[in-house]
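2 protein chains.
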Amino acid sequence: MDFRTVFCNELRKEHAATNVVLSGWVSRRRDLGGVIFVDLRDRSGIVQLVFRSDIDQTALQLADRLRSEYVIRVEGQVVIRDTESINPKIATGDIEIEVTQLTILNAAKNPPFQIEEDIDVDEAVRLRYRYLDLRRTPMLNTFKMRHRVYQVIRTYLDRHDFLEVETPMLTKSTPEGARDYLVPSRVHPGEFYALPQSPQLFKQLLMVSGFERYFQIVRCFRDEDLRADRQPEFTQLDIETSFLDAAHLQEMMEEMIVEIFSSVLDVAVPRPFLRLTYHEAMERYGSDKPDLRFGMELLDLSGILADCGFKVFQDVLQKGGQVKALLAPGCGTFSRKELDDLTKFAARYRAKGLAWMIVEEEGIRSPLTKFFTESELQAIRTTTKAQAGDLLLFVADKKKVVADALGALRVHLGKMIGLIDEKVFAFAWVTEFPLLEYDDDAKRYVAVHHPFTMPMVEDIELLASDPGAVRAQAYDVVLNGFEIGGGSMRIYQRELQEHMFTSLGLSDESAREKFGFLLDAFEYGTPPHGGIAFGLDRLLMVMTGQSSLRDVIAFPKTASGSDLLTGAPSPVAQEQLDTLHLLTKDVEE
Amino acid sequence: MDFRTVFCNELRKEHAATNVVLSGWVSRRRDLGGVIFVDLRDRSGIVQLVFRSDIDQTALQLADRLRSEYVIRVEGQVVIRDTESINPKIATGDIEIEVTQLTILNAAKNPPFQIEEDIDVDEAVRLRYRYLDLRRTPMLNTFKMRHRVYQVIRTYLDRHDFLEVETPMLTKSTPEGARDYLVPSRVHPGEFYALPQSPQLFKQLLMVSGFERYFQIVRCFRDEDLRADRQPEFTQLDIETSFLDAAHLQEMMEEMIVEIFSSVLDVAVPRPFLRLTYHEAMERYGSDKPDLRFGMELLDLSGILADCGFKVFQDVLQKGGQVKALLAPGCGTFSRKELDDLTKFAARYRAKGLAWMIVEEEGIRSPLTKFFTESELQAIRTTTKAQAGDLLLFVADKKKVVADALGALRVHLGKMIGLIDEKVFAFAWVTEFPLLEYDDDAKRYVAVHHPFTMPMVEDIELLASDPGAVRAQAYDVVLNGFEIGGGSMRIYQRELQEHMFTSLGLSDESAREKFGFLLDAFEYGTPPHGGIAFGLDRLLMVMTGQSSLRDVIAFPKTASGSDLLTGAPSPVAQEQLDTLHLLTKDVEE
């Protein structure tokens, strides 16, 4: 049986008088004085069907039985609508189909929510009936876009000589990094595979193999405590190259991103992307993934207030802290309540206080003016370029707290007072990340990126003396305040790798146990190499303007890792556990 | 640093006198009277470097230190070789590079085996040093081909409006089918995810969602006892469509396959593919995945020997069995030993005996001639079209045993006597598979394909009365004796689905427990749909002419599911198990 000769949304005026076969879902049915109108929906869009009273009576009777979401097949003729019936809201609004034959392919129960563009339904219900939620046009469009992005990525990488190689999903657990999902082995009792947190080791091995340019769109897994913007499984565009320095790799990746945005969204992203060092990003935006769609940079007043009379500021500065301010343009009208709310907001980022000054025509108004000299107040105005009507917000604290609190406050205010142009996609590279950070729990330095990240050549000598100061040849791509990708050049010489393990406090033995096969591989002729990985879920989230990763994943999981549709995870038969040589422990709930 | 201006294999005569930068691996180094020759290898191929004694002495001294698999960067000039030095075996054999500068980027230990096209090395060693094995040209070429196949598939499907959608890897265990790999949940004590055996349920749900045409190149998992041609994880091209009948879907898939073979191998596969019903395939080739590169069909002699005097045959025929023969052309010269070996071969397929007749100019020679009348012998010759010099081999047994034994013997003999043209790719569709088969262990019928397979409309009425006779709307694609794909039209109406579960002896409750969410989904407007899945590992194996799946998977596992490179699976820390609320049972080895 031919179910269709054409998709609904392909039909236009010029098809008038042609006979068509269409199949799809009843989106809406109206009975207007014996004439039945049906909006028929397929993947392409919607077209209006008309069942007139003069057609075959069986078809008319069938049409009377149609309800929303019934699946039907119709034959009919395209006719041009009367001028007054034209529907400019749909692409096929100039025409309709006069139906001559109707087959009900399947009936449908009344869905638990309407299949419409905008719905206000509890997310748990949407997830439970995901197959109905996915019928909604915005959802379908998201997955059409996701499909398109994938094809553009692969076409670009194929054109640039990248080879797509699949790496194993059942691999070895490496306790470094996040928590692994484990898979018990039936054949090897007491042993486990781990699902990959990323194909890091395998892509480096492929470089040892001389594959030179590798990519893969690959599922990765992290058994983390889930926040709103995490999923236990996520999709990564994984890339690794040999004989290419960071600048060349970044250039290629920029070009790829520009191609994605122009092909898929018809948006021209300017190149080259802005480049910020980690240090610069933290100082100017209080974040290593700054939202660059607006300015409102953090303003450092530590210098001009070094000798000020305000004890709180002075104490902080004497202990090596910072005093920084944000200029909120036109916010001088904020009420006491609004200022209190901002203080509470800053407190969530551990700021012990949030000082404020309002600039007025006649001078600065603030509970703090009394602590400052007139020339200090003038210096504040000059440095911040504050105008009458503006609000200044100050945090004085350790560098990290200042950055976190003001960085978050900057984004909060930017949204609140409408500084963000939602149509803009602001990209940047953030570079020169710290190589190591001190882990207070483990009482040792740990790798910020991963233990194969190449230090900056000029910092290598600091590895032994001042590990925390060593910068890495690591880079992130940020977009509108999200990190959408990150990578690094890798250590490819064994001596440097061993030096690195020493800095991480890893014994020879434990490094060998964890990464032995990679260390072995490195001895057989490893090229200079480096790579990057993009979080495709997050990229799609930003591209579609959604606020949750769940809206760009076909079958996502909740914050507790449950799939409300299938009911996974679930208990399994004792027999299955026996086969795997496992017992589950009774847990007191 | 620029590591290269060009790839090795791009250089030709016309590049003479240009300066180039190259990077790669030392494939070979020879010292001929003070002049050092190095074969430099990168991903593209090989070019010859020359270090003459009149160049910079530092470079010459460095060149002297070069060993196989060192990673180097060179600068130099392309020069045309003397006529007598031209190497026609490599594409760059007309030229060589006179090196002016050399940097050793990395040294290399002596590899455990030579990086050459053909090596005779224990597979365990190759797997342990997989990163070196992958350096060999045939391996690299396999993965270049695999890459190319993937791009062609996606381009084709994209052009035909298929949407690529990712389905979950952490999903629900369904005890129907093969054994699941389980993943314990940390957040939900005592509960487990399962890795997908295929995205079957999800792709059907996407059809309920109205995605209409779905595809995914996706990893699947089966915890089976591994044979040489199985891997615990394997890659599948997964496809599902709505509003398309089997004939249209098959046509599209044929077109895709033809495009793969023409684009990647430059082989023109004729269309339409041969179509065989399951019944026909079994009767004519003794296999549901016949190797159609040669004839030698099974010849049914049951009719003409119905009343023969040979008791063994007669008994079989009276019990409803079959007597079938193979004609092995020109094999009349087989020795007694060779015939005995064939008998042993057939016995592995449970044939209780293998009768033989050799056709000679003067008549038939066989230990059995005495049991047959002259007219029966004549009938055998006529029916089998046997000529002088040919060998006839007979199996008399139950239908299944005859098919298995003669089917296997056919392929065995076809290879042995060189009937198979290795350059041919012989495709066919095998259709009308049985829907159900009786499981002697479970004492009930089980689905041959899966429980959502649509029966043939004309057989539905047999579901209750004679379940074993019901044919399915199921189809396989076979290639050179391998099943490379298989699929079916699906049941989309709830009543029929419930009828099917009844035939499978599944109670309402247990069907609901296993597939409840799919049954629910089916109530909300499910379109007619069906799909197919291709085993890409196997397809690549046939395309590259390899005999093991391990040769087309970058990081494969052994028959016991071990990864000899990483050591997976492996014991994990007790702490990890505690987090997962698990205990491992002591197993007596």
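Which chain is which? The protein sequence lines are A and B, in order.
Under the UniProt record's numbering, the final residue of the first sequence carries the number 589; numbering is consecutive throughout.
Under the UniProt record's numbering, the final residue of the second sequence carries the number 589; numbering is consecutive throughout.
In this text, a Cβ means the ideal position worked out from N, Cα and C, and glycines have one as well.
Computed from a predicted model, the values in this text were never measured in an experiment.
Look at the beta carbons and you see the region 470-482 of chain B touching the region 429-446 of chain B: at least three pairs across the two are nearer than 8 Å.
Annotation: the continuous alpha helix (DSSP H) that includes B:Ala281 extends over 278-285. B:Gly93 is outside the set of residues whose beta carbon lies under 9 Å from a beta carbon in chain A.
Only Leu201, Phe202, Leu205, Leu206, Val208, Ser209, Gly210, Phe211, Glu212, Arg213 from the region 201-217 of chain B bring a Cβ to less than 8 Å from some Cβ of chain A. Residues of chain A with a Cβ closer than 7 Å to the Cβ of B:Thr566 are, in chain order, Thr171, Lys172, Phe517. Contact residues of the region 415-441 of chain A toward chain B are absent (C-beta to C-beta distance below 8 Å). Of all alpha-carbon atoms in B:Val323, B:Trp25, B:Val402, the one lying nearest the alpha-carbon of B:Thr383 is that of B:Val323.
Residue environment: B:Asn110 is assigned as exposed (fewer than 16 neighbouring CB atoms within 10 Å of its CB, all protein chains considered). Beyond the five residues adjoining it in sequence on each side, B:Leu339 comes within less than 6 Å, by CB distance, of Trp356 in the same chain, given in chain order. A Cβ-Cβ separation of about 6 Å places A:Gln204 in contact with A:Leu518 under the 8 Å criterion. Around the beta-carbon of A:Glu361, fewer than 16 other beta-carbon atoms lie within 10 Å, marking it exposed. At least one CB of chain B lies nearer than 9 Å to the CB of A:Phe221. The CB of B:Asp158 comes closer than 8 Å to the CB of His147, Gln151 in chain A, given here in chain order.
Here A:Asp563 is buried: its Cβ has 16 or more other Cβ atoms, across all protein chains shown, within 10 Å. Within the same chain, and ignoring the five residues on either side of B:Phe162 in sequence, the residues whose Cβ sits closer than 6 Å to its Cβ are Arg213, Phe215. Under the Cβ distance rule, A:Asn106 counts among the residues neighbouring chain B, one pair being separated by less than 9 Å. Within the same chain, and ignoring the five residues on either side of B:Ala405 in sequence, the residues whose Cβ sits closer than 6 Å to its Cβ are Ala346, Tyr349, Ala351, Val395. The beta carbon of A:Arg4 lies closer than 6 Å to those of Val21, Leu22, Ser23 in the same chain, with the five residues before and after it left out. The shortest C-alpha to C-alpha distance from A:Ile95 to any of A:Glu422, A:Lys13, A:Asn19, A:Val446 is the one to A:Lys13. Assigned with DSSP and collapsed to three states, A:Ile460 falls in coil, not helix or strand.
With a beta-carbon spacing of about 14 Å, A:Phe534 and A:Phe425 fall beyond the 8 Å limit used to define contacts. By the CB criterion at 9 Å, B:Arg73 and B:Leu102 fall inside the cutoff. Scanning its chain for C-beta atoms nearer than 6 Å, with the 5 sequence neighbours on each side dropped, one finds around B:Arg135 the residues Ile115, in chain order.
For B:Pro455, the nearest beta carbon of chain A is not closer than 9 Å to its own beta carbon.
Inside the region 200-246 of chain B, DSSP marks whole alpha helix (DSSP H) runs of 4 or more residues at positions 200-208, from first to last along the chain. Distances from the alpha-carbon of A:Gly76 to those of A:Asp82, A:Ile90, A:Gln57, A:Glu98 put A:Glu98 closest. Neighbours of B:Arg154 in chain A, taken as residues whose beta carbon is under 7 Å from its own, are Gln151, Arg154 in chain order.
A residue is called buried once 16 or more other Cβ atoms fall within 10 Å of its Cβ, and B:Ser570 is buried on that count. Residues of the region 224-242 of chain B whose Cβ lies closer than 9 Å to any Cβ of chain A, in chain order: Asp225, Leu226, Pro232, Glu233, Thr235, Ser242.
Residue contact with chain A for B:Ile553: present (Cβ-Cβ distance below 9 Å to some residue of chain A). Taking 9 Å as the CB threshold, B:Lys109 lines the interface with chain A.
Counting only Cβ-Cβ distances below 7 Å, A:Pro571 has contacts in chain B at Gly190, Glu191, in chain order. In the DSSP assignment, A:Ala408 is bridged to no other residue.
The C-beta of A:Phe3 comes closer than 9 Å to at least one C-beta of chain B.
Using beta-carbon distances, A:Asp245 counts as an interface residue toward chain B, with a partner under 9 Å. With contacts defined by Cβ atoms closer than 9 Å, A:Thr453 and A:Ser488 form a contacting pair.
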